[in-house]
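Worksheet for the structure shown next.
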Amino acid sequence: MKEEERRVDREALAADQAKLQDRKLTLSSIVQKLIIFGKRARAEACDVESRLENSRRQNWQKANAAVRRVASVACVGTVGDVGDVGMAKQAKAKAEVEGR
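Numbering-wise (our numbering), the sequence shown opens with residue 141 and increments by one.
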């Protein structure tokens with residue numbers, strides 16, 4: 141009788157160990173998935189931050205270009221790009237030299 145009880149106890153212990161091993165594997169896989177999720181979330185946050193910085197930079201560039209255009213209109217009196225301002229200044233200087 142004792143031998144059979146021992147056998148049943150061993151089988152129950154083996155079954156419990158198998159369940160415990162399954163739980164450990166499940167826990168391990170959950171932890172690994174959380175680590176991967178964290179890395180992806182961090183990478184995505186960095187990507188969003190980078191896009192925001194690029195957007196800010198582009199907005200500053202657009203604003204600076206607009207200010208230059210307004211300044212060129214105020215200084216020269218013609219609507220144009222910054223390149224046109226240089227040409228207009230040259231033409232104005234040439235006209236002044238020829239007019240004297």
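Here a beta-carbon is modelled for each residue, glycine too, at the ideal position from N, C-alpha and C.
- Taking C-alpha positions only, R150 is separated from A183 by approximately 49 Å.
- When only Cα atoms are considered, D162 and V171 end up about 14 Å apart.
- Of the residues assessed, S195 falls on the exposed side of the cut-off, its CB having fewer than 16 other CB atoms within 10 angstroms.
- Exposure of S169 is indicated by the presence of fewer than 16 other C-beta atoms within 10 angstroms of its C-beta.
- A straight-line Cα-Cα distance of about 18 Å links A181 and E193.
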